[in-house]
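Peer 1: Quick one: the structure is below, and I'll ask about it shortly.
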Amino acid sequence: MNTLWRPRVLGAWQVPATGPVILAVNHAHYIDGPMLMGTSPRPVHFLIKKEAFVGPLDPFLTGIGQLKVDRSSPDRTAVTNALGVLENGGVLGIFPEGTRGDGDFTSIRAGLAYFAVRSGAPIVPVAVLRSSERGGRLIPALPPLRSRCDVVFGEPFEPGDGSGRRTRKALDEATVRIQERLTVHLENAKRLSGR
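Numbering-wise (the numbering used here), the sequence shown opens with residue 38 and increments by one.
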């Protein structure tokens, strides 16, 4: 990441040094996942759509510990693998919105709440912000080479209500709490980074 762009990492000290943790990352651009993987203080295992595991990317992504997920139906294998990362004290990266979009956390899915409540792992909000919304000359889907990208880590939090309940209602309530915290973090990250 440092050779292609100029990442600035803020708040990395807030990621717990040991134990399970979930990094909840906004997702507006193709480089959000790789940028986080390249700047995180701990190795990150992302849930990545199975369509990305093609050709030489398949053994590469698998080799660096990324998790394949079938988004067309409930994927029990992906869920089990993700929970396994957390049970082993690892870091799970999740795009709460499920796919690339505006990256503003306005529409998040319940999967993040499920993993957090089920595992007891704290959530660290992460905002990846680009210095320019324009694309590069060679690859328009990527930011211009050597442009600045900010990766801002927020304060860890537990989204559950402390009861340990995993009912649909408890997960829905946790999802609302998560969305509120992520939205506030994104606003703070923009202010902190001068965006």
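Positions of the beta carbon are idealized from the N, C-alpha and C atoms, including for glycine.
1) If we ignore side chains and look at the alpha-carbon of each, how far apart do proline 316 and serine 77 end up?
2) Mind checking whether alanine 158 and isoleucine 59 have CB atoms under 7 Å apart?
3) From this set, Gly56, Phe194, Ala147 and Arg218, which residue's C-alpha is nearest threonine 204's C-alpha?
4) Going straight from the alpha carbon of serine 156 to that of threonine 114, what length do you get?
5) Take the Cβ of arginine 167 as the centre, count every other Cβ of all protein chains shown within 10 Å, and call the residue buried at 16 or more, exposed below.
6) Cα separation between valine 128 and alanine 119?
7) Using the Cβ count rule (16 or more neighbours within 10 Å means buried), how would you classify tryptophan 50?
8) Skipping 5 residues on each side, what residues in its chain have a beta carbon closer than 8 Å to that of lysine 227?
9) Who pairs with leucine 229 in a beta bridge, going by DSSP?
10) Is it right to say aspartate 107 is buried, meaning 16 or more other beta carbons lie within 10 angstroms of its own, or is it exposed?
11) Tell me whether asparagine 63 is buried or exposed, calling it buried when 16 or more other Cβ atoms sit within 10 Å of its Cβ.
Peer 2: Judging by the given coordinates:
1) In the structure as shown, the chain starts at 38 and stops at 232, and residue 316 therefore has no counterpart that could be examined.
2) yes
3) Ala147
4) 16 Å
5) buried
6) 9 Å
7) exposed
8) Ala164 and Leu166
9) Answer is none; leucine 229 lacks a bridge partner.
10) exposed
11) buried
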